[in-house]
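Enquirer: Heads up: the sequence lines are chains H and V, in that order. For what it's worth, numbering that gives the first Met the number 0 labels the leading residue of the first sequence as 0, then goes sequentially. For what it's worth, numbering that gives the first Met the number 0 labels the leading residue of the second sequence as 0, then goes sequentially.
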Amino acid sequence: MARILRRERLVPNVHLIEVHAPEVAKKCGPGQFVILMPDDKGERVPLSIADWDRERGSVVSVFMVVGTSTQKLSLLNAGDEVPVYVGPLGKPSEVRNFGTVLCAGGCFGIAAIHPIVRALKAAGNRVVTLLDAKAGYLLYWEDRIRGLSDRHYVSSRDPMFPTKDYISRRLVEVIREEGRIDRVVAIGCTYLMSSCSEATRPFGIPTVVSLNPIMVDGTGMCGACRVTVGGKTKFACVDGPDFDGHAVDWQELFSRRKSYFDDEIRSLCDWEGRTFP
Amino acid sequence: MTDKKEIPAELKERLKSEFDKDWRRDLRKSVPVKERMKVPRQKMPEREADERNKDFREVNRGLGPEAAVLEARRCLDCANPQCVAGCPVAIDIPSFVKLVEKGEFIASARKIKETNALPAICGRVCPQETQCEEVCNLGKVAGTPVAIGNLERFVSDRERLEGEVFVPDIPPLTGNKVAVIGAGPAGLTVAGELAKKGHKVTIFEALHIAGGVLVYGIPEFRLPKSILRAEVDYVKKLGVELRTSFVVGKTATLDDLRNEGYGAFFIGTGAGLPNFMKVPGENLVGVYSANEYLTRVNLMRAYEFPEFDTPVFLGKKAVVIGGGNVAMDSVRTAKRLGAEKAIIIYRRSRTEMPARTEEVKHGEEEGIEFHFLTTPIRYLGDEAGRVRAMECLRMELGEPDASGRRRPVPLEGSEFTMEVDLVVVAVGQSPNPLILQTTPDLKAGKWGTVEVDWSTMATSLPGVYAGGDIIRGGATVILAMGDGRTAAAEIDRYLKK
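Here's what the structure looks like:
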């Protein structure tokens with residue numbers, strides 16, 4: 000059992016959860032993830048690690064409500080316990096001085112990219128950040144990210160923002176504006192990561208993505224999270240989650256991510272019917 | 000690999016002294032050998048095939064007391080019991096069987112527990128027909144061996160159901176801390192054995208429930224989770240601490256644990272990584288590894304979806320690739336989840352199937368179809384990337400290969416396509432790579448296994464031992480437990496040094 004220290008809604012449908020897990024906090028690094036279960040009947044849900052406090056022994060993740068297990072999680076509060084909280088899983092992101100690194104994040108990816116931005120900055124990189132939010136009210140942690148960045152941009156379709164472009168188009172403009180980008184890190188939904196990878200391909204800029212396939216055990220046992228990278232099958236949970244965005248078979252990842260679409264809706268309807276009759 | 004062991008002199012002596020006890024001698028004399036040989040092997044009662052292939056309740060019902068006593072009477076109580084040599088954990092089989100004949104069921108269960116902490120599991124999943132029962136002298140003279148496995152199951156169930164589970168006295172703590180990595184059959188065995196010797200044992204398990212393959216792999220209808228829970232509880236009662244959701248190598252490395260005062264280690268992390276055949280289309284939606292398919296159903300209880308959140312595909316036409324026990328478990332699971340056709344595709348013929356005879360027989364009765372001498376060469380998907388068909392090739396058997404089985408050879412021009420909507424690939428697993436990746440200087444063997452000295456289970460690192468699928472690649476529950484017993488004795492010796 001792991002105790003929840005904080006659970007709050009950041010923006011509609013996106014929640015922060017801070018859990019007391021001293022061992023995970025002690026070991027974790029940027030780019031790693033945890034697996035948790037909201038209750039004994041829940042799924043094992045992988046969540047990126049967004050922040051940690053080694054002294055307090057706590058780990059922060061940000062998640063979007065998409066199915067029954069994340070819905071259940073969004074209803075838990077400080078003091079509640081989750082039966083399963085295991086990590087840190089996956090390999091940490093590669094962090095060294097690359098020169099100028101552009102970090103692009105959207106949705107839950109804003110939180111996931113946060114520790115990577117921090118680590119890249121600490122390693123001496125010039126860090127440019129680009130965050131995406133469909134509307135201004137969906138943007139969170141902007142101050143935190145801006146505070147770590149040498150240059151900071153936002154892309155949004157919100158009328159209050161000057162540019163109306165999606166992040167991948169904005170990314171091209173930023174690359175041109177900045178002149179020299181040595182590496183791009185893109186984290187968010189599959190669409191965001193694939194379109195950002197396509198955007199950087201013509202420039203030949205190495206682009207790292209943090210893949211989010213469906214997982215079950217998350218320790219290399221089941222093979223649910225297999226993705227094709229450079230024509231080879233990789234297990235995202237032990238070989239990743241970071242991969243070369245230009246080598247990922249995105250079409251396969253899209254279809255595998257959608258595997259249980261109908262089941263997820265059925266599960267949610269069933270659970271809502273039982274929980275809120 | 001030393002799968003069948005010679006009986007060590009010390010054990011031989013102990014067996015002899017039990018054999019010479021008065022009650023044993025009297026019992027032997029009470030029924031003439033001829034009479035004993037006339038008793039037919041008692042049939043294991045099973046649920047009707049047509050009823051059981053629709054749910055996940057256990058297939059075998061277990062022997063009743065009368066049948067158990069009759070079965071025990073068949074045992075000739077040989078002076079030179081081969082069965083003990085056939086058992087990887089060297090259970091004193093004649094003693095426990097003869098206690099059954101005497102009607103002392105609880106005493107019989109305790110006799111087994113002297114050397115085997117998990118008899119209710121072994122009585123269900125051990126391949127006795129290739130171990131103790133294969134070498135049974137009665138089998139040689141009368142054709143059918145004593146049903147040792149069924150008797151083991153009977154007495155251990157009896158002990159549990161009567162609430163007579165006996166926890167032996169634990170000697171005073173030695174002050175040694177032992178870390179066991181992985182709560183599968185090997186790890187549970189090591190933990191139980193070392194706890195009985197007074198060492199403080201902690202098991203670190205990556206998943207949220209203890210049992211390893213017993214919980215994620217073997218289905219409810221073959222090994223009910225309640226039985227597993229009771230056996231794990233027994234190990235805990237011996238004083239073993241269990242830490243679930245702890246991935247050694249990630250949450251803490253082996254060196255971290257050493258710094259926390261653990262003086263000896265046992266690595267029993269099992270065969271994590273599922274093998275695929277590397278044929279086109281294997282990553283289509285609807286193509287599972289057996290590990291994922293069984294984990295969803297067993298560990299995450301997808302068969303109770305949507306009461307439980309984890310889903311699993313319900314195929315109408317399900318095929319399982321492979322011929323082992325995991326393949327049989329998968330195909331029988333698919334049938335129970337409502338598949339109209341549940342098919343085994345195996346590249347050799349029936350005689351080469353590594354699955355237990357009982358599993359194959361049960362599968363046949365339940366309506367499983369078998370396509371032998373067939374192998375998939377490609378999976379075909381629809382627009383959404385879901386598997387809809389598979390292309391296969393027919394095989395014929397050629398010369399024997401290294402395993403002694405005849406090698407399947409493709410028949411040219413024999414390609415054919417069959418429609419399928421669920422595929423489970425059960426062609427074996429490789430050892431879990433996490434420990435080797437995160438423990439410098441731990442020597443790897445061939446195929447990503449951890450290398451050990453087979454007589455002691457010692458790895459290349461002092462105080463670190465290993466057993467089960469992490470050293471074997473893919474074997475059986477009982478061989479893992481045998482490794483566990485060997486390792487426990489060695490670890491005890493190491494700690495006393």
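Even glycine gets a Cβ: it sits at the ideal position worked out from N, Cα and C.
Compute the beta-carbon to beta-carbon distance between I144 of chain H and V116 of chain H, rounded to the nearest angstrom, for a pair I have assumed lies under 8 Å.
Expert: Yes, I144 of chain H and V116 of chain H are in contact; Cβ-Cβ is about 6 Å, under 8 Å.
Enquirer: Near L10 of chain V, which residues of its chain fall below 8 Å by C-beta distance, leaving aside the five closest residues on each side in sequence?
Expert: Counting only Cβ-Cβ distances below 8 Å, and skipping sequence neighbours, we find V83, A89.
Enquirer: Which residues of chain V have a Cβ atom closer than 8 Å to the Cβ of K233 of chain H, listed in chain order?
Expert: Here the premise fails: no neighbours, minimum Cβ distance about 11 Å.
Enquirer: Suppose you measure from the CA of V258 of chain H to the CA of L206 of chain V; what does that come to, to the nearest Å?
Expert: Reading off the sequence, residue 258 of chain H comes out as Ser, not Val. C-alpha separation (whole angstroms): 24 Å.
Enquirer: Considering only residues of the same chain and omitting the five flanking positions on each side of Y493 of chain V, which have a CB-CB separation below 7 Å?
Expert: The residues are A263, G462.
Enquirer: Which whole-angstrom value describes the C-beta separation of V183 of chain H and A103 of chain H, a residue pair presumed to lie in contact below a C-beta threshold of 8 Å?
Expert: Between A103 of chain H and V183 of chain H the Cβ distance is about 7 Å, and since that is below 8 Å, they are a contact.
Enquirer: Do the CB positions of C221 of chain H and T294 of chain V come within less than 8 Å of each other?
Expert: Their beta carbons are under 8 Å apart, which means C221 of chain H touches T294 of chain V by this criterion.
Enquirer: Beta carbon of G219 of chain H, beta carbon of P430 of chain V: below 8 Å?
Expert: It is not a contact, given that the beta carbons lie outside the stated cut-off.
Enquirer: Would you report the Cα separation of V164 of chain V and S225 of chain V, rounded to the nearest angstrom?
Expert: Taking the straight line from one Cα to the other gives about 15 Å.
Enquirer: Taking C-beta pairs closer than 9 Å, name the residues in chain V that R145 of chain H reaches, listed in chain order.
Expert: What R145 of chain H touches in chain V: nothing, since even the nearest Cβ is about 32 Å away.
Enquirer: For Y136 of chain H, which option in H:D157, H:V126, H:R6, H:T128 has the closest C-alpha, if you only look at C-alpha atoms?
Expert: Residue H:D157 is the option with its Cα nearest to Y136 of chain H.
Enquirer: Please check if any C-beta of chain V sits within less than 8 Å of the C-beta of C106 of chain H.
Expert: Judged by the 8 Å Cβ criterion, C106 of chain H is not in contact with chain V.
Enquirer: State yes or no: is the C-beta of I477 of chain V within less than 8 Å of the C-beta of C125 of chain V?
Expert: Going by C-beta atoms, I477 of chain V is nearer than 8 Å to C125 of chain V.
Enquirer: Secondary structure at W446 of chain V, three-state DSSP: helix, strand or coil?
Expert: Looking at W446 of chain V - three-state DSSP - the assignment turns out to be helix.
Enquirer: 8 Å is my cut-off, CB to CB: does D2 of chain V come that close to chain H?
Expert: The predicted model places D2 of chain V with a pLDDT of 45, which falls under 50 and marks its position as unreliable; any figure quoted below should be read in that light. Chain H, which has no Cβ nearer than 8 Å to the Cβ of D2 of chain V, makes this no.
Enquirer: Let me see if you follow: with CB-CB separation under 8 Å, is V284 of chain V close to chain H or not?
Expert: At least one chain H Cβ lies under 8 Å of V284 of chain V.
Enquirer: Indicate the three-state DSSP secondary structure (helix, strand or coil) for N324 of chain V in the structure shown.
Expert: Helix, per DSSP.
Enquirer: Considering only residues of the stretch 135-223 of chain V, which uninterrupted alpha helix (DSSP H) runs meet the minimum length of 4 residues and lie entirely inside it, listed in chain order?
Expert: Within the stretch 135-223 of chain V, the complete alpha helix (DSSP H) runs of at least 4 residues are 136-141, 147-160, 184-195, 212-215.
Enquirer: Under 8 Å Cβ-Cβ, which residues of chain H neighbour V246 of chain V?
Expert: Simply V85, G86, L88, T218.
Enquirer: Taking all protein chains shown into account, decide if S92 of chain H is buried (16 or more other Cβ within 10 angstroms of its Cβ) or exposed.
Expert: With 16 or more Cβ atoms within 10 Å of its Cβ, S92 of chain H is classed as buried.
Enquirer: Kindly indicate which three-state DSSP category A457 of chain V falls into: helix, strand or coil?
Expert: Three-state DSSP puts A457 of chain V in a strand.
Enquirer: Using 8 Å as the cut-off, can you tell me whether the stretch 38-56 of chain H makes contact with the stretch 97-114 of chain H, which would need three or more C-beta pairs spanning the two stretches below that distance?
Expert: Result yes; three or more Cβ-Cβ pairs closer than 8 Å.
Enquirer: Between the beta-carbon of G122 of chain V and the beta-carbon of R152 of chain V, is there less than 8 Å?
Expert: In this structure, R152 of chain V lies closer than 8 Å to G122 of chain V by Cβ.
Enquirer: Could you please give me the residues that DSSP links to L130 of chain H through a beta bridge?
Expert: DSSP lists H:G104, H:V153 as partners of L130 of chain H.
Enquirer: Could you give the DSSP three-state label for G271 of chain V: helix, strand or coil?
Expert: Reduced to three states, the DSSP call for G271 of chain V is coil.
Enquirer: Quick check on DSSP: helix, strand or coil for V247 of chain H?
Expert: Here V247 of chain H sits in strand by DSSP.
Enquirer: Terminal residues of the continuous beta strand (DSSP E) containing P409 of chain V?
Expert: P409 of chain V -> beta strand (DSSP E) spans 405-409.
Enquirer: How would you call S454 of chain V, buried or exposed, if buried means at least 16 neighbouring beta carbons within 10 angstroms?
Expert: S454 of chain V is exposed by the Cβ-count criterion.
Enquirer: Can you give me the C-alpha to C-alpha distance between L191 of chain H and A132 of chain H, rounded to a whole angstrom?
Expert: Taking the straight line joining both Cα atoms gives about 11 Å.
Enquirer: Pick from V:G174, V:L150, V:D19, V:G238: whose alpha carbon is nearest that of G191 of chain V?
Expert: Per the Cα distances, V:G238.
Enquirer: Can you give me, in chain order, the residues of the stretch 412-446 of chain V that have a beta carbon less than 7 Å from any beta carbon in chain H?
Expert: From the stretch 412-446 of chain V, only N431, P432, L433 have a Cβ closer than 7 Å to chain H.
Enquirer: Measure the C-alpha to C-alpha separation of R300 of chain V and S107 of chain V and round it to an integer number of angstroms.
Expert: Approximately 34 Å between the Cα atoms of the pair.
Enquirer: Candidates V:A185, V:L75, V:T201: which alpha carbon is nearest K139 of chain V's?
Expert: Of the candidates V:A185, V:L75, V:T201, the one whose C-alpha sits nearest the C-alpha of K139 of chain V is V:L75.
Enquirer: Counting Cβ pairs, one atom from each stretch, are 3 or more of them under 8 Å apart for the stretch 234-254 of chain H and the stretch 318-326 of chain V?
Expert: With a cut-off of 8 Å, the stretch 318-326 of chain V and the stretch 234-254 of chain H do not count as touching, because too few Cβ pairs lie within range.
Enquirer: Show which residues of chain V have a CB atom less than 7 Å away from the CB atom of K40 of chain H.
Expert: What K40 of chain H touches in chain V: E306, F307, D308.
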